[in-house]
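Chemist: Can you read through this structure? Questions will come right after.
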Amino acid sequence: MAVATQTMTDEQRKSVALEYLKAFDNAGVTSTGGSILDLFADDAQVYFPKWGIAEGKESIGRLFGDIGGTLKSIKHDYASFNWVFSGGDTIVAEGTSYGEHQDGAWRAGVPDWGAGRWCDVFEVRDFLIQRCFIYLDPDYAGGDTARYPWLDRPGPA
């Protein structure tokens, strides 16, 4: 972990996180034409379910390549994000997304138990992402239903 040298506001941390999410929607290209990896510290960590923790830009690039290789498109619903600020380096973004996975399309809420709802926990210092832990259902197309018997039952009363 790098030693912090620049003071940042919550809004500045949020802008770095938004740039990351928009770059992910843009096949890994930032608004200035750079790589999504430019937004990360050299020793950053990223967690993705069913992949694990990637440490360092090379490993993060592999993680994004693996995940991105399964997606035909993705779009985050920016207008409906919830942001939680810790008063420190940590911020949390909760939201929804839609797109197309190699196995089919998804949209948050269709069905309600399906993919598309997510929560990301960021640590941002010195205008770089130090840590991004992504929490979501990686079964974008909703194909993994046999292991969850409650999916065959009608919804809550």
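Residue numbers (UniProt numbering): 1 to 157.
Yeah, the Cβ is synthetic: ideal placement off N, Cα and C, and Gly gets one too.
Tell me where the alpha helix (DSSP H) around R13 begins and ends.
Modeler: The residue given as residue 13 occupies position 13 in the sequence shown. Unbroken alpha helix (DSSP H) run through R13: D10 to D25.
Chemist: Given a cut-off of 9 Å on the beta-carbon distance, is the pair A17 and I91 in contact?
Modeler: Here residue 17 is taken as the residue at index 17 of the sequence shown, counted from 1. Here residue 91 is taken as the residue at index 91 of the sequence shown, counted from 1. Yes, the Cβ-Cβ distance between A17 and I91 is below 9 Å.
Chemist: Find the nearest neighbour of D25 within the set D10, G104 and F64, judged by alpha-carbon distance.
Modeler: Locating residue 25 in the sequence shown gives position 25, where the first residue counts as 1. Nearest C-alpha to D25: F64.
Chemist: Would you decide whether residue 159 is buried or exposed? Buried here means 16 or more other CB atoms lie within 10 Å of its CB.
Modeler: Residue 159 cannot be examined here, being either before or after the span of the chain that is shown, 1 to 157.
Chemist: Assuming K14 and W118 are in contact, meaning their beta carbons sit under 8 Å apart, how far apart are those beta carbons, in whole angstroms?
Modeler: For the purposes of this step, residue 14 is taken as residue 14 along the sequence shown, with counting starting at 1. For the purposes of this step, residue 118 is taken as residue 118 along the sequence shown, with counting starting at 1. No, K14 and W118 are not in contact; Cβ-Cβ is about 16 Å, not under 8 Å.
Chemist: What three-state label does DSSP hand T145 in the structure shown?
Modeler: Here residue 145 refers to the residue found at position 145 when the sequence shown is read from its first residue. Reduced to three states, the DSSP call for T145 is coil.
Chemist: What is the DSSP secondary structure of D42, reduced to helix, strand or coil?
Modeler: As a first step, residue 42 is located in the sequence shown; it is residue number 42 there, counting from the start. Here D42 sits in strand by DSSP.
Chemist: Alpha carbon to alpha carbon, what distance is there between D126 and L151?
Modeler: Here residue 151 refers to the residue found at position 151 when the sequence shown is read from its first residue. Here residue 126 refers to the residue found at position 126 when the sequence shown is read from its first residue. L151 and D126: Cα-Cα distance of roughly 44 Å.
Chemist: Looking at the secondary structure, which residues open and close the alpha helix (DSSP H) in which I67 lies?
Modeler: Residue numbering aside, residue 67 sits at position 67 when the sequence shown is read from its first letter. Here the alpha helix (DSSP H) through I67 covers K57 to G68.
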